[in-house]
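For the record, the sequence lines run as chains B and X.
Just so you know, our numbering puts 587 at position 75 of the first sequence, and the rest follows in order with no gaps.
Just so you know, our numbering puts 1434 at position 90 of the second sequence, and the rest follows in order with no gaps.
A virtual CB, placed ideally from N, CA and C, is assigned to each residue, including glycine.
In this text, all values refer to a predicted model and were calculated from it rather than measured experimentally.
Here is the structure we will look at.
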Amino acid sequence: MTNSIVELENADCILVIGSNTTSSHPLVATRIFRAKARGAKIVVADPRFVQLANKADLYMRHKLGTDVALINGMMNVILSNGWHKQDFVDERTEGFEEFRKVVEQYTPERVSEITGVSAEDIRTAADWYANAKAGSIVYCMGITQHTTGVDNVKTLANLSMLTGHIGRESTGVNPLRGQNNVQGACDMGGLPNVYPGYQPVNVAANKEKFEKAWNAKLSDKVGLTIPGVLEGLSAGSVKAVVIVGENPMVSDPDVHHVEKALKNAELLVVQDIFLTPTAELAHVVLPGASFAEKDGTFSNTERRVQRVRKAVEPVGDAREDWKIFQDLSTRFGYKMEYGSPAEIMAEISSVTPSYGGISFERLEGDGLLWPCPSAEHPGTKFLHQGKFSRGRGLFHAIEYKPPAEQIDAEYPFWLSTGRIHVHYHTGTMTRNSPTLHKEMPEGFLEVNPVDARALGVKSGDAVRVASRRGEVVIKVDITARVTQGTVFMPFHFVETCANLLTNPANDPIAKIPEYKVCAVQLEKAL
Amino acid sequence: MEYRTVLTTCTYCGCGCGFYLEVLDGRVVGTIPCKTNPVSEGKLCVKGWNVHEFIHSPKRLTQPLLRKDGALTPVSWDEALDFTAKRMREIKEANGSDSVAFLASAKVTNEENYLIQKFARAAVGTNNVDHCARL
């Protein structure tokens, strides 16, 4: 997030797009409700009628995968009415003219045809957002999990720069990160192209710096992303895989393909707290510790680094994960001898400029928001004040592209996937929590009442859902939350695994799969 | 009976809510919201309120497992780690550093993620490190 969570309360207009905030980020939703109580306009854009749509001042139900067109349409209205901030564009950005030429093609009428949203609603959304004192954008995986994920995000950045809604308190672009420490895993260099603190591995100075800090010879070749690892396993170029606290057998698209790839590994090591479907395929399973059984830090979606504290010893013979890694590394031949997570953090801050001022002592209390470059630095509430990280903000001229897979006579329904409020990701933890399991013990498929009638199914009946990749038999929930011709399935349940169906086609840059759109067929299961 | 509370950060979504875990005789038995946490301000969602429930689940993994004759079999830590380190070294030596890949985790701590990628880069010599940021 460019801003801290609490700042949302003071925005005058919040555009929530591709985020089921009340389900997936309930304590961020609280801030959106408070903003509304203060009089802010809430605009929700989502193909599915998410709970927050009930509270919206304007709800736009655009068709799946038409986000670029919708936002280009809003920007077309903003430009033709002169609601953009020319000063901001001139002083702080570049690439505007080329961008304008593309956006000029997206008249509200044309966009209405692409998205299914009325031209009037597009105008209203543009007016409220552009003319707010503090406009904020909130988005989540509904924006990113597309073959156009990067285009979608850049388009939202265009919108914020065009209107000058960035780099000030309560104005900005705020992606909500889905996992407790996905921000931290990225910050720590859990990515194939960067060292900790987003320092690229293929820049000679960075490599030298880390070779010295770690006393080791390093590679300057950018590594593989998860889809690349799976391809490498299938092709035989990747032989050994270590998976920590992840469950690709439920979470990755086209699970049949994932299973084949993982079974190709000569060595599959899985470190987890439960025997997940992924662990069941492993050669070695290492029992890690849950969050309650170790010390450390997590970095949340607003970049706040907070303490995790050990409450109890790991169960049975399970071990704290940091102890497992350092033991493994030492046995492999590279000695690691840290006495505590605080000691590891001291090393992190010495090589990671944005964490330079972070230490366990300073994290007592409210934690710290990075960038926090020095021991005296108070942390950074919102980003891009006065200047973008890259210097001038770059406008991208982006055309709308339809999703990779299209519906046809054989697969006539659109399928979208997502989370529900009582469960979390692949259900490894929540489905082992009796209270949460009781709330929602099994998966379901949301089907529009008109489609349900045509299929001859009642709520609770089973249907067979099939895509070009797999099929699932699942109970239906008949609801107008989804439009006619579109169905929705949560991905938490291995028994009715949504990712047997999803399309592994991914964004060419971010490699994020298109979980939010694929084509399926439905029939009543007998 | 020994009762205490331990202030910590939630393990579910990216909000980063704070709460106290209630510990009774070495077991986590409950969750109490933390009023002073800047994110959650004394509130929690349904997942957060029940976050203590999975910790002592009888289904937790409690010992290392090694596949022997096709079946995952309980073994000592020494056996599991020695086997893993030895096989990884053999694979690296036979096929090069880039034949080994790591999936770090959005669930474990910063310190642990730092060690995984350091192990991959400094010990094994590969940048094949990714995690589920995209999923």
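8 Å Cβ cut-off: residues of chain B touching residue i
i: X:Cys1361; result: Leu539
i: X:Gly1370; result: Val824 and Glu825
Which of helix, strand or coil DSSP assigns to residue i
i: B:Met1001; result: strand
i: B:Pro708; result: coil
i: B:Tyr936; result: coil
i: B:Leu798; result: strand
i: B:Cys525; result: strand
i: B:Gly968; result: coil
i: X:Glu1366; result: strand
i: B:Cys1030; result: strand
i: B:Phe561; result: coil
i: B:Val467; result: Here chain B has residues from 513 to 1038 only, and residue 467 of chain B is not among them.
i: B:Thr660; result: coil
Residue i at chain X interface by Cβ criterion, 8 Å
i: B:His795; result: yes
i: B:Asp579; result: no
i: B:Val629; result: no
i: B:Asp696; result: First, the residue type needs correcting, since residue 696 of chain B is Gly and not Asp in the sequence shown. Answer yes: the Cβ-Cβ gap between B:Gly696 and chain X drops below 8 Å somewhere.
i: B:Gly744; result: yes
i: B:Ser749; result: yes
i: B:Ser862; result: no
i: B:Phe608; result: no
i: B:His933; result: yes
i: B:Ala916; result: no
i: B:Tyr710; result: no
i: B:Phe925; result: no
i: B:Arg546; result: no
i: B:Trp726; result: yes
i: B:Gly684; result: no
i: B:Ser536; result: yes
i: B:Ile856; result: yes
i: B:Thr813; result: yes
Contacts of residue i in chain X (Cβ-Cβ under 8 Å)
i: B:Phe844; result: Ala1429, Met1432, Arg1433, Phe1463, Ala1467 and Val1468
i: B:Asp829; result: Thr1406, Gln1407, Pro1408 and Trp1421
i: B:Arg819; result: Leu1351, Thr1352 and Thr1353
i: B:Glu778; result: Arg1431 and Ile1435
Contact with chain B by residue i, beta-carbon distance below 8 Å
i: X:Thr1382; result: Going by the sequence as given, residue 1382 of chain X is Pro instead of Thr. By this cut-off, X:Pro1382 is an interface position.
i: X:Tyr1347; result: no
i: X:Ala1445; result: yes
i: X:Ile1399; result: yes
i: X:Ile1460; result: yes
i: X:Ala1477; result: yes
i: X:Asp1474; result: yes
i: X:Val1367; result: yes
i: X:Val1373; result: no
i: X:Gly1414; result: no
Partner residues on chain B for residue i, Cβ-Cβ distance less than 9 Å
i: X:Asp1426; result: Arg843
i: X:Lys1379; result: In chain order: nothing, as chain B lies at least about 13 Å away.
i: X:Thr1417; result: Within chain B, no residue comes near X:Thr1417; the closest Cβ sits about 10 Å away, beyond 9 Å.
Contact list for residue i against chain B, beta-carbon separation under 7 Å
i: X:Glu1456; result: Gly808, Asp833, Trp834 and Phe837
i: X:Ala1448; result: Ala697, Gly702 and Val756
Residue i: contacting residues in chain X (beta-carbon distance under 7 Å)
i: B:Met952; result: Under the 7 Å cutoff, chain X gives no residues; its nearest Cβ is about 10 Å from B:Met952.
i: B:Gly690; result: Cys1357 and Gly1358
i: B:Leu1012; result: Here the premise fails: no neighbours, minimum Cβ distance about 15 Å.
Short CB-CB distance (under 8 Å) between residue i and chain C
i: B:Ile785; result: The chain inventory of the structure shown lacks chain C, comprising the protein chains B and X.
Amino acids of chain X, ordered along the chain, whose beta-carbon sits closer than 9 Å to that of residue i
i: B:Met1001; result: None at all; the shortest Cβ gap to chain X is about 16 Å.
i: B:Phe803; result: Thr1352, Thr1353, Cys1354, Thr1355, Val1395, Ile1399, Lys1451, Val1452 and Thr1453
i: B:Lys729; result: Ala1466 and Gly1469
The segment 752–776 of chain B: positions lying closer than 8 Å to chain X by Cβ
Ala752, Val753, Val754, Ile755, Val756, Gly757, Glu758, Pro760, Ser763 and Asp764
Cβ pair count under 8 Å reaching 3, the segment 662–677 of chain B against the segment 1451–1469 of chain X:
no
Would you check if the segment 763–778 of chain B and the segment 1009–1022 of chain B touch, i.e. whether three or more CB-CB distances between them fall below 8 Å?
yes
Do three or more CB pairs link the segment 713–724 of chain B to the segment 821–833 of chain B at distances below 8 Å?
no
Is it the case that the segment 1411–1429 of chain X contacts the segment 564–576 of chain B, given that we only count it when at least three CB pairs across the two stretches are under 8 Å?
no
Check whether the segment 1347–1357 of chain X touches the segment 685–695 of chain B, taking contact to mean three or more Cβ pairs, one atom from each stretch, closer than 8 Å.
yes
Is it true that the segment 642–651 of chain B meets the segment 516–530 of chain B, where meeting means three or more beta-carbon pairs spaced less than 8 Å apart?
yes
Say whether the segment 730–748 of chain B touches the segment 919–926 of chain B, bearing in mind that this needs 3 or more beta-carbon pairs closer than 8 Å, one atom from each stretch.
no
Under 9 Å (Cβ pairs) to chain X, residues found in the segment 561–580 of chain B
none
Touch test, the segment 852–863 of chain B against the segment 787–796 of chain B, Cβ-Cβ under 8 Å, three pairs minimum
no
Three Cβ pairs or more, each shorter than 8 Å: is that satisfied between the segment 1017–1030 of chain B and the segment 652–665 of chain B?
yes
Assess contact between the segment 636–645 of chain B and the segment 548–556 of chain B, defined as three or more Cβ pairs (one per stretch) separated by less than 8 Å. Is contact present?
yes
Contact residues within the segment 869–886 of chain B, judged by C-beta distance below 7 Å to chain X:
Asp878
Are the segment 536–545 of chain B and the segment 874–882 of chain B touching, with three or more C-beta to C-beta distances below 8 Å?
no
The segment 1382–1398 of chain X / the segment 940–949 of chain B touching (three or more Cβ pairs under 8 Å)
yes
The segment 1016–1027 of chain B: positions lying closer than 9 Å to chain X by Cβ:
Asn1018, Asp1019, Ala1022, Lys1023, Ile1024, Pro1025 and Tyr1027
Could you run through the segment 647–664 of chain B and flag, in chain order, every residue whose CB is less than 7 Å away from some CB of chain X?
none
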